[in-house]
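A.B. asks: Our numbering applies: residue 512 is where the sequence shown begins, and numbers increase by one. Note that CB positions come from ideal geometry on N, CA and C, so glycine has one too. Only a predicted model underlies this, so the values are computations on that prediction, with no experimental measurement involved. This is the structure I have questions about; it appears just below.
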Amino acid sequence: MRLLLALSMLMTVGCSSERIAGWYITRKIDGYFDLTSEQKSELRASVDETIDLARRDELGRWISFMREVRQGLHDGLSEEKLATLQRHYDQRIDVAVHLLTPRVAPLLVQLDDRQVGHFAKRVSDDLAKGYEDLQLPVEKRRAKLEKKALELVEDFVGDLSDEQEVAVRALIRKLPNERDKQYQSAKDNLQHFTTFMATRPTVPALESELYAMWEHRYDALGVGHEREARRAFQRTWLLSVYQLLTPEQRAHAEEELSDRIRSLKRYVLPARS
512 MRLLLALSML MTVGCSSERI AGWYITRKID GYFDLTSEQK SELRASVDET
562 IDLARRDELG RWISFMREVR QGLHDGLSEE KLATLQRHYD QRIDVAVHLL
612 TPRVAPLLVQ LDDRQVGHFA KRVSDDLAKG YEDLQLPVEK RRAKLEKKAL
662 ELVEDFVGDL SDEQEVAVRA LIRKLPNERD KQYQSAKDNL QHFTTFMATR
712 PTVPALESEL YAMWEHRYDA LGVGHEREAR RAFQRTWLLS VYQLLTPEQR
762 AHAEEELSDR IRSLKRYVLP ARS
């Protein structure tokens, strides 16, 4: 669900922003809900506690996962190794959702109709901006997505040769086009959430609903787009890209991960004695 993913991203930013993190995250969340002064004070305390918890417990586990990815790049990736990495990634994301849900639910049940409407409008605007490419002609839309995907690959492995770029572009064109379905699914989820909030749910009921929305987030995309099917396609695609890389580009990807690991290690808090 978009809300939980957004909060997960905010907490990740918070872990690497030290003292301003709590203030920054509280302000960003307030921008979505237009909270009262009392709600903001309560939220700030919860945010600070959650960031400390994430820095003590979860950040180290994410670093371990990144090291596992780095080692896989060094040793050589296979379908079996990628499947293991995907499973570990999904576990980490699920843990983040289960960490955040019981902390955000007590805030959400306090929202009045105006605040729920403010949230719906803000998310709707975000969706329109995030999927504005859907308004483009098909060829321009494809070119924009192709350019973005190429930039992501080169950010990680360094510059591609002309031959590699042609091959990667061909692989990008094989990616399933889910944008229309993703946009409609996100809008449907937003409508479902606002309708559910109008029932004035209890905290346990809201937690249960958020978990259910998370577990079924791919259902609306249809047959062949379930999580396991998506992961299988991703493995095939990633292996195809990986096999195009030179030893120098693979080393570049390892160093990129090492830089990120070194950056994150500074923010891990020691376990309480």
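Return the CA-CA distance between Lys659 and Tyr694, expressed in angstroms with no decimal places.
C.D. replies: Approximately 18 Å between the Cα atoms of the pair.
A.B. asks: Just to confirm my understanding: we take Arg555, look at its own chain, exclude 5 residues before and 5 after, and list those with CB closer than 7 Å. What are they?
C.D. replies: So the list reads Gly533 and Thr537, once near-sequence residues are dropped.
A.B. asks: Buried or exposed for Val734, going by 16 or more other Cβ atoms inside 10 Å?
C.D. replies: Flag for Val734 reads exposed.
A.B. asks: Apply the 10 Å Cβ neighbour rule to Glu720 and answer buried if 16 or more other Cβ atoms are within range, or exposed otherwise.
C.D. replies: Buried: at least 16 other Cβ atoms inside 10 Å.
A.B. asks: So Glu591 is in the alpha helix (DSSP H); what residue range does that whole segment cover?
C.D. replies: Looking at the DSSP string, the run of the alpha helix (DSSP H) that includes Glu591 is Glu590 to Leu619.
A.B. asks: Could you give the residue range of the alpha helix (DSSP H) that holds Thr705?
C.D. replies: Element bounds for Thr705: Arg690 to Met708.
A.B. asks: Cβ atoms of Gly628 and His763: under 7 Å apart, would you say?
C.D. replies: Taking 7 Å as the Cβ cut-off, His763 and Gly628 do not qualify as a contacting pair.
A.B. asks: Grab the span of the alpha helix (DSSP H) containing Val627 for me, first residue to last.
C.D. replies: Looking at the DSSP string, the run of the alpha helix (DSSP H) that includes Val627 is Asp624 to Gly641.
A.B. asks: According to the neighbour-count rule (16 or more other Cβ atoms, all chains shown, within 10 Å of its Cβ), is Glu590 buried or exposed?
C.D. replies: So Glu590 ends up on the exposed side.
A.B. asks: Out of curiosity, what's the CA-to-CA distance linking Thr547 and Glu676?
C.D. replies: Their backbone Cα atoms lie some 51 Å apart in a straight line.
A.B. asks: Just verifying my parser: in three-state terms, what is the DSSP assignment at Leu768?
C.D. replies: Reduced to three states, the DSSP call for Leu768 is helix.
A.B. asks: Do Thr705 and Ala631 come within 7 Å of each other at the CB atom, strictly closer than that value?
C.D. replies: Closer than 7 Å, so yes.
A.B. asks: Rounded to whole angstroms, what's the CA-CA distance from Glu560 to Glu766? Just pull it up for me.
C.D. replies: Looking at the two C-alpha atoms, the distance is approximately 33 Å.
A.B. asks: Taking the CB atoms as reference points, tell me whether Leu701 and Leu619 lie closer together than 7 Å.
C.D. replies: Going by C-beta atoms, Leu701 is not nearer than 7 Å to Leu619.
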